[in-house]
Amino acid sequence: MATRDARCPPVSLMPLANDPAASVRFYRVQPLPPNHPQPCFPTLPVVGAAGRSVEHFTSASRFLAPDALLTPSGKVATYWALKAGGVRPGDRVAVSAYHCPTMIFPVIALGATPVFLPVTARGQVGLEGVNAALALGVRAVVVPHLFGFPTPQMLEIQQRCRAQSVVLIEDCAHALYARAGTALPGSFGDYAIASTRKFIPGGEGGALVANGLALEHPRRTAGLYAELRGLHTLWHDAYRYGTQRWHGRRASTLIGPADDEASQQEARPARASAEDLDNARVERLALKSVQWLVRHADHDRIASVRRQRFRRWAQALAGLSQVEAYAPELAPDHVPYVFPLRLQRPAAQFNALKYHGVAVWRWDQLAESACPMSAKLALELIQLPCQHSLSDTAFERLVSLCLRALATA
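Heads up: the sequence shown is residues 635 to 1043, going by my numbering.
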């Protein structure tokens, strides 16, 4: 296994940067298992029963401040952060080589070219890579905080970007909360985005803030039909998971490619499109129901339960020889999005988890780049949910299901 300090070679910065018109292609590092069952437990929070909080944790979030703009998604928030930062067609934008495709779509939608930053074996970008990107003349740098763990050297990255008059955007999709009184994710960048849907029920949800700069957004509201559909989604998800899934019964619905041939076809490189941004929602604010839920959620409880769930995963998986925790312990100030776990036999283990209906995912669909570490992480590093909207009993069933699946791989 690679050492924790391993990085992609600096040359990996420039797979697409030489030609602003070059197409970006995404590929899947391992074909999806065909006809696997829909997860037995929800992967994102829903309205309903929730875990019991046993830890007193006073949370805070830059994205709950009065100046935060609530958007339909983190993807849409990133689009407006880039646009407000002056990114135009033909510009270069530095992004992590280890990513979710939704982190790249806004760059493409603006007609800009991604410049892929090398990552460490923890998937994080560093000052060295940012410096190399600045030397290429990028217009903006996007730095993600993976899984709820703040990226190191943020202050140094901030200083370097300011010295070069380059816009710094913090991607806090995984880092909505921190302990009150600490340096909050989202407070270092010129702009910062979050994905509230990953932490708070709502069917959609993102957030955008500006730190000392102007914020451009049309601020249009959703129509009545969209609002009613949003309310229906809230009710439907709560009912469906509450009555069918939270008791750990195997779902009868099969998802994924229909067969091995379709699975191989889906994994082949495919060109990205600006239309992947979802133009129907890009100019409007989040649904009113989503805004209400964000403003009225019990954020301290959400943060506390997530921390408990992270520690429970660490305890349950500590004795297994075929897996390795990304972070066995949680810092006192951090609030996790997921529990990241390395698989030593990813092909067999990931498929086993999927076929057992475990709510698990990974960033296994990447834009092509010259960074081998990103492809390695995309294959090996899975994300187990720490979300709060499972009862304690249901969460224990999820842990047991995961352990059974890994035992069969």
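No residue lacks a Cβ here, since even glycine has one placed at the ideal position from N, Cα and C.
Keep in mind it's a predicted model, so treat the numbers as computed, not measured.
If you draw a straight line from the alpha carbon of residue i to that of residue j, how long is it in whole angstroms?
i: Leu818; j: Gly953; result: 33 Å
i: Ala896; j: Asp725; result: 36 Å
i: Leu1013; j: Arg943; result: 24 Å
i: Pro665; j: Pro784; result: 31 Å
i: Val663; j: Tyr732; result: 12 Å
i: Arg996; j: Val800; result: 31 Å
i: Val775; j: Ile803; result: 6 Å
i: Trp947; j: Cys1020; result: 8 Å
i: Gly991; j: Ala982; result: 15 Å
i: Leu951; j: Ser695; result: 30 Å
i: Phe750; j: Cys674; result: 36 Å
i: Ser829; j: Thr712; result: 10 Å
i: Leu716; j: Glu900; result: 30 Å
i: Glu850; j: Leu703; result: 10 Å
i: Ala767; j: Arg796; result: 14 Å
i: Val681; j: Gly763; result: 41 Å
i: Val957; j: Arg756; result: 15 Å
i: Ser821; j: Val843; result: 9 Å
i: Leu927; j: Val741; result: 29 Å
Excluding the five sequence neighbours on either side, which residues of its own chain have a C-beta within less than 8 Å of the C-beta of residue i, listed in chain order?
i: Gly846; result: Asp824
i: Glu838; result: Pro706, Ser707, Arg831, Gly864, Arg915, Ala920, Leu921 and Val924
i: Leu761; result: Gln787, Glu790, Ile791 and Arg794
i: Arg659; result: Pro903, Ala904, Arg905, Ala906, Ala1001 and Glu1002
i: Arg773; result: Gly719, Gly720, Val721, Arg722, Asp725, Arg726, Val727, Ala746, Val800 and Val801
i: Pro962; result: Ala948 and Ala952
i: Leu888; result: Asn669, His670, Pro671 and Gln672
i: Val972; result: Phe781, Gly782, His808, Gln1017, Leu1018, Pro1019 and Cys1020
i: Tyr989; result: Pro667, His670, Pro671 and Ala1039
Give the secondary structure of residue i by DSSP, where H, G and I count as helix, E and B as strand, and everything else as coil.
i: Phe660; result: strand
i: Gly846; result: coil
i: Thr1042; result: helix
i: Ser1023; result: coil
i: Gly840; result: strand
i: Arg879; result: Interpretation of Arg879 is limited by its pLDDT of 48, a score under 50 that renders its predicted location unreliable; the figure taken from the coordinates is listed afterwards. Note: Arg879 maps to helix in three-state DSSP.
i: Tyr960; result: coil
i: Ala728; result: strand
i: Phe783; result: coil
i: Ala655; result: Any answer about Ala655 is weak, because its pLDDT of 39 lies below 50 and its placement is not dependable; what the coordinates show is given next. Here Ala655 sits in coil by DSSP.
i: Cys1005; result: coil
i: Asp932; result: coil
i: Val800; result: coil
i: Thr705; result: strand
i: Val887; result: The displayed chain sequence assigns Thr, not Val, to residue 887. In this structure, Thr887 counts as coil in the three-state DSSP scheme.
i: Thr677; result: coil
i: Val775; result: strand
i: Leu1013; result: helix
i: Gln999; result: strand
Within a Cβ cutoff of 7 Å, which residues of the same chain sit near residue i, ignoring the five residues on either side of it in sequence?
i: Thr692; result: Arg813, Ala814 and Asp934
i: Pro668; result: Gly890, Pro891, Ala892, Asp893, Asp894, Ala896 and Ser897
i: Ser1034; result: none
i: Glu1030; result: none
Using a Cβ-Cβ cutoff of less than 6 Å, which residues in the same chain neighbour residue i once the five nearest sequence positions on both sides are dropped?
i: Ala856; result: Arg918 and Leu921
i: His930; result: none
i: Pro980; result: Leu1013 and Glu1014
i: Thr877; result: Because Thr877 sits at a pLDDT of 49, beneath the cut-off of 50, its placement in the model cannot be relied upon, and the point is left open.
i: Thr1042; result: Ala986
i: Tyr811; result: Ser693, Ser695, Ala937 and Val969
Could you round the C-beta distance between residue i and residue j to whole angstroms and report it? I think they count as a contact, below 8 Å.
i: Pro778; j: Met737; result: 7 Å
i: Gly782; j: Ala809; result: 5 Å
i: Gly1053; j: Leu1024; result: No information on residue 1053 is available, as it lies outside the stretch 635 to 1043 that the chain covers here.
i: Ser730; j: Val688; result: About 35 Å separates the two Cβ atoms, so there is no contact after all.
i: Pro970; j: Leu964; result: 6 Å
i: Ile827; j: Asp805; result: 6 Å
i: Phe739; j: Asp910; result: 4 Å
i: Ala993; j: Pro679; result: No, Ala993 and Pro679 are not in contact; Cβ-Cβ is about 12 Å, not under 8 Å.
i: Thr816; j: Asp967; result: 5 Å
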